[in-house]
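K.L.:
Protein chains in written order, with full-length UniProt numbering: chain G, 1 to 382; chain U, 1 to 382; chain B, 1 to 382; chain C, 1 to 382.
1) What are the residues that DSSP puts in a beta bridge with residue 375(C)?
2) Under a three-way DSSP split, which group does residue 367(U) fall into?
3) Please check if any C-beta of chain B sits within less than 8 Å of the C-beta of residue 259(U).
4) For the segment 233 to 248 of chain C against the segment 178 to 186 of chain C, do three or more pairs of beta-carbon atoms, one drawn from each stretch, fall closer than 8 Å, so that the two count as touching?
5) Assuming residue 43(G) and residue 49(G) are in contact, meaning their beta carbons sit under 8 Å apart, how far apart are those beta carbons, in whole angstroms?
6) What are the uninterrupted segments assigned as beta strand (DSSP E) that are 3 or more residues long and contained completely in the segment 101 to 136 of chain C, given in chain order?
7) Should the segment 346 to 363 of chain G be called in touch with the segment 198 to 208 of chain G, which here means at least 3 C-beta pairs below 8 Å?
8) Which residue or residues does DSSP assign as beta-bridge partners of residue 324(G)?
9) For residue 394(G), decide whether its Cβ has a neighbour in chain U, counting only Cβ atoms nearer than 8 Å.
10) Does the beta-carbon distance from residue 108(U) to residue 335(U) come in below 8 Å?
11) Could one say the Cβ of residue 217(U) lies closer than 8 Å to chain B's Cβ atoms, at least one of them?
12) DSSP on residue 302(U), reduced to helix/strand/coil?
13) Where do the ends of the beta strand (DSSP E) carrying residue 215(G) lie?
14) Give me the Cβ distance between residue 120(C) and residue 94(C), rounded to the nearest whole Å; I'm assuming they're in contact under 8 Å.
15) What does residue 350(U) touch in chain B if you count any residue whose Cβ is under 9 Å from its own?
16) In chain G, what lies closer than 7 Å to residue 293(C) by C-beta?
17) Could you please give the first and the last residue of the uninterrupted beta strand (DSSP E) stretch that includes residue 240(U)?
18) Does any CB atom of chain G fall closer than 8 Å to the CB of residue 264(U)?
19) Listed from N- to C-terminal order along the chain, which residues in the segment 310 to 328 of chain B have their beta-carbon within a distance smaller than 9 Å of any beta-carbon of chain C?
20) Name the chain G residues whose beta carbon is nearer than 8 Å to that of residue 171(C)?
21) May I ask which residues mark the beginning and end of the beta strand (DSSP E) holding residue 8(G)?
22) Answer with buried or exposed for residue 372(U), where buried requires no fewer than 16 other C-beta atoms within 10 angstroms of its C-beta.
23) Which residues of the segment 132 to 154 of chain B have a Cβ closer than 7 Å to any Cβ of chain E? Give them in chain order.
24) If you draw a straight line from the alpha carbon of residue 140(C) to that of residue 290(C), how long is it in whole angstroms?
25) Opposite residue 69(B) in the DSSP bridges: which residues?
26) Pull up the DSSP beta-bridge partners for residue 270(G), would you.
27) By DSSP, does residue 234(C) sit in helix, in strand, or in coil?
28) Residue 80(U) lies in the beta strand (DSSP E); which residues open and close that run?
29) Which ranges would you report for the beta strand (DSSP E) in the segment 20 to 47 of chain B if only whole runs of at least 3 residues count?
30) With a threshold of 16 other CB atoms inside 10 Å of the CB of residue 292(U), please say whether the residue is buried or exposed.
31) Can you list, in chain order, the residues of the segment 51 to 77 of chain G whose Cβ is nearer than 8 Å to any Cβ on chain U?
32) Spatial neighbours of residue 63(C) within its chain, please: C-beta separation below 8 Å, excluding the five flanking residues on both sides.
33) Beta-carbon separation of residue 100(B) and residue 10(B) under 8 Å?
34) Could you please give the first and the last residue of the uninterrupted beta strand (DSSP E) stretch that includes residue 228(B)?
35) Of all Cβ atoms in chain G, is any one closer than 8 Å to the Cβ of residue 86(C)?
36) Chain G partners of residue 332(U), CB-CB under 9 Å?
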């Protein structure tokens, strides 16, 4: 017998769509005990939120998130609002005993995050942060290979998240879709938006980061703000690169920018171990690049694993070998893991909860501090 | 105001799932006047068809397709059964005035197909065949470039569809999922199953094929049939390759096999024109390879277009630039085109109807005949 | 003690340069008992042949090949003239007891080739044809893997040689560098020039071809001939594609053209066996693509072997792992094999001799006949 | 009339071979006024140096470099010895009025380098450092594109040089071929050996580096030294990564290691400008990846330029379009540039001279200092 989890979604922008897709698709492809019910969606613009509810099959809508959070017919709240409201909404959800599925990054900074973790852990409520990229089959396959100890000692990790969409000086800051250029709403620029993804995956696969040395840059210093129609200084980081040392002794370099002409959303990572190496690229997301030094010398090379077979993570739930999955499948997989963990809350979680996301937040905080001070900064442990 | 098209789906196997996904997803991503309603699904095993209906949100189910076809609350029938039943079911649908969305190939052979085309055209009912690969953004982009005349005179076309899933001698023929190895149910082997896709795309992009010279092979001559538990001769073609000449004077080679070790579902095509060339590959379906001879000599090369931007076909309906789509999106796009054409039946159709699919069937027939006779065979014109 | 082989080179065009490079480089990188001495070069234009001799360190020059062939201080003659003179020169060399290194293809046709084989075998003189591509490390690695039986039963072979340099209608036929467009001098177009390479490699790796069905096309029907300054019909094949069956039961497709916009010299081949598959591409000549079905299911994929290690064929004679070789190295390797075989004439030869090249000529002849008749043609056995 | 430059080569190891190949090949492919003569080679082991002289056609040999440097029949000295002797030999050459072609890196450190630059500039003698990778056609093409201002404002530069050959703990330090693991002979590990290449190219293409923040690591702390047979601490850097800021305002990350399993000699760089981006990879050295934002939106992508045409740098001197060059060609091209500059010493030099190499040395010094202190370090200007 299926158990229904009634979802209340706050925010209906880009992330609202990706999460709604997961709620719609889950039961078509995954046989979980708990199933999501699209109970309500909340947004300030009534006409728009109503249209969204109709399009995505939400049974009702709200225009005030505080109302949604109170509703007794809601079991879980999904927070898809800009970063500066995550903490306030989450704390209110906890008061009302709702499970929380919170869009990343967890909070504006570590201090906010700590408060959220403390409250949610005291409540015992299930909680998740939508670091979705982990859940692409090729990325999960990488995790499984590392966890099986196949790499031996790890020497290197490197990750990039390169975009080019803000190069034009004409692009304003603030406003719908552009709050990511406004530090007040976003907390930071590429560090919280993009590097946070890289750091989440890295920590999941390669363990904790202990120290970092970073640099950031804001290439275009002033942009028109949509709120005032006037030019204001840009306060986010357009680009950020950092050196890091992991607890396991490996070295890392991370880089993110929105000024890498030619790259739309090029999230890549690579890990080099004594015995094996792995690499992955979001533009070709079905492939995992795999190098096995155990193969005889004249046959060694990087193997392109098209992770679309029944024995690859999640892939067997979809089509047949060779048929590609896309970006949005990652959210469905994350949701499947969350629901699966509701069956057995003591089992190890495959998804990032608030505490794990706090660790990622601490790395971001250290990166931003290092960029400011020009010093190596030790990372607080979550 | 949305107009509902109540769908009756016959067959709930692999293709039943891909089509159901399209019916579920269409309205989330495309703003069409007509919208699909999952009204009924039909299958012979009641327990299974009931479970399928629940999982995919069909309002009802049937166990006899003749009952479904008669129902007045059905506007369109989707035929997802093995190839040998397409003609019979389609003709019955036409009698009852149902639109038809038929899985490919259209029929077992041209003669059956002719009967279907004659009947459906006499009825005036909208009709579609699910040659889905056309509708991947990169493939549609290729079509648009060719249609704009950018290639100049076309010299060459080549296409492959390579798989490796039937190499083992232990694999039986017949039975669920394996009727594709049984000529009685499937009509042919790779020719109708895989080359038909290549031919549909080729004819869409490069026009009609006028003559072919083919060879086929059945590498494993006998397999256990699941119906008898005994070894029977294998009567399908395991592999097929053919030379072809197009009406526009270009030459082509086509090849398909289920014995190309290492290829899961490697559908590739390439077209070479005087001024430009294009190439595509199903394993990397978001990319179109593009060569433009008009670029200055020292900058020429094959460009990998990641067809995930707002200005690429269909992509703007989904996510943001750089985020991959997958296999199943092609069906949603084909459905969107079908529904769009209901608004204006006089507009040029972007999807293959029965008549276009009959032309593809004629090429398949000519290929099989040439393989038998060792002669060049002229292709009948649809 | 090194034994000198005094070389007389006839022809100093493009191939004269590649062979001279091999004579210059051999001793720098290979430790053979026999070493080449650049004794004489022959060409009709005295000023040019003299300049060539100086540039490449030939001790003398001739302007009449019959004089060169007679010289007692010449041990081996390298024939680099257009195809229509190979037979005549070779027969004269044999009369004078010279070893022969003949540029491919062996002859204008099988009949000429038979005469050459008969004469050279009666003489016992060492003889080689410059099918150089075999000798690239990645290609030889492919051969070694197949010879070790690692592929199991072979199902498919496919090869292309695609170029785009003759698309312009302005290009004349005949004259220096353009005799390849003149059937009188070249014998055929892409069949003898390009497909001959593909066939040589295929027969070396996969055994004899037994039958073919081909089509050819001349896209541009008339071109100015440099000899007359007037338009004449073009009698070579601009493009040729053929289906083939090999003695081992495998199927093949071959294609070559000079009208594939975007491809400069894209020679590719792929072989699919029961257990392994291999693929290669001249534009990326240091890589062999390798698929091993024996690898566990979730780790399988195409491996890019960068064949530049000490344990790859020939590579250890050059630099260190990871450093690319280029096109011309293939000639040096072929020469090394030829000289090595002089030490032990009974050992199996790694290089194509006249008899092997005759077999390749027979395939070309069958291809051209099939293209003319539209019938499958059986291939004569060399 | 050709002018001979009589070369005296000191050292006959791996680099002695690459340089000798350039001396042998130059006149076969480049028409320079000055031509090299292989006059003498010098090494301490008489039998070996004699054999090398014979193999490579040097007219004589020496066993004491001081003797070679004095010889009146030597015009230019090529220094191929370990890094710790460059300065001493170079200064002696200058005393004797010899041009110098010095293997990279210039010296053990900036102080040594300054002395060399001062002396050589006072002497007016032509001088070159063998940073060969600049001279691969694809890399020079990148330089030309940047110099033409096509990128607009540059935002990012990134370069890696990844190897995996020292991962085994069994590998000793010191001795032939292994002096690169011995800090006394090499000065540093990957910083001077590999990053120096990356820095040379970066400075050539993107201008001066102004500040760096680095980390280094020695993964295997002790290795047997071949001189003593006993374990000694390893004092070189096994891996080094650094952040950098260029004078033009762009940000950079650089990384090098000999512990990146799967990479043999993966030197890569990428540069992102406002309008265009470029990327390159030593494992595929004939290709330049090129992104042009000026192309219409739906056609944009990374173009793989196979830089083997007549209009690509250096390529026209070799074969025909599509035929790959290899690693060693880079040295021949550098030599061609050096000899060309002898015709007109006032023309801008395409090759790195001592002063340019000193600038690279300063970056290496700053990197090593930063790794030691954990601080950002400003780079001295050459």
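Note that the Cβ used here is the ideal one computed from N, Cα and C, for glycine as well.
As the structure is a computational prediction, the values presented were derived from the model and not from experiment.
P.N.:
The short version:
1) 375(G)
2) helix
3) So, interface residue.
4) With the rule of 3 Cβ pairs closer than 8 Å, the segment 233 to 248 of chain C counts as touching the segment 178 to 186 of chain C.
5) 4 Å
6) 127 to 129
7) yes
8) Paired residues: none, contrary to the question.
9) In the structure displayed, chain G extends from 1 to 382; residue 394(G) sits before or after that span and is not available.
10) no
11) yes
12) strand
13) Segment 209 to 217, the beta strand (DSSP E) holding residue 215(G).
14) 6 Å
15) Ordered by position in chain B, no residue passes the 9 Å Cβ test against residue 350(U), which lies about 26 Å from the chain.
16) 261
17) Residues 239 to 246.
18) It does: the Cβ of residue 264(U) has a partner Cβ on chain G nearer than 8 Å.
19) Of all residues in the segment 310 to 328 of chain B, those with a C-beta nearer than 9 Å to a C-beta of chain C are 318, 319, 320, 321, 322, 323, 324, 325, 326, 327 and 328, reading in chain order.
20) Residues of chain G passing the Cβ test: none, with the nearest at roughly 13 Å.
21) Start and end: 3 to 10.
22) exposed
23) Absence of chain E from the displayed structure is noted, the protein chains being G, U, B and C.
24) 13 Å
25) In the DSSP output, where bridge partners are listed per residue, residue 69(B) has none listed.
26) 158(G) and 279(G)
27) coil
28) It is not in any beta strand (DSSP E) - residue 80(U) carries neither H nor E in the DSSP assignment.
29) 34 to 42
30) Buried, by the Cβ-count rule.
31) Cβ contacts with chain U come from 55 and 56.
32) Taken in chain order, the residues that qualify are 42, 43, 44, 45, 46 and 49.
33) no
34) Premise fails: residue 228(B) is in no beta strand (DSSP E) and is neither H nor E.
35) no
36) The contacting residues do not exist; residue 332(U) stays about 11 Å from chain G at best.
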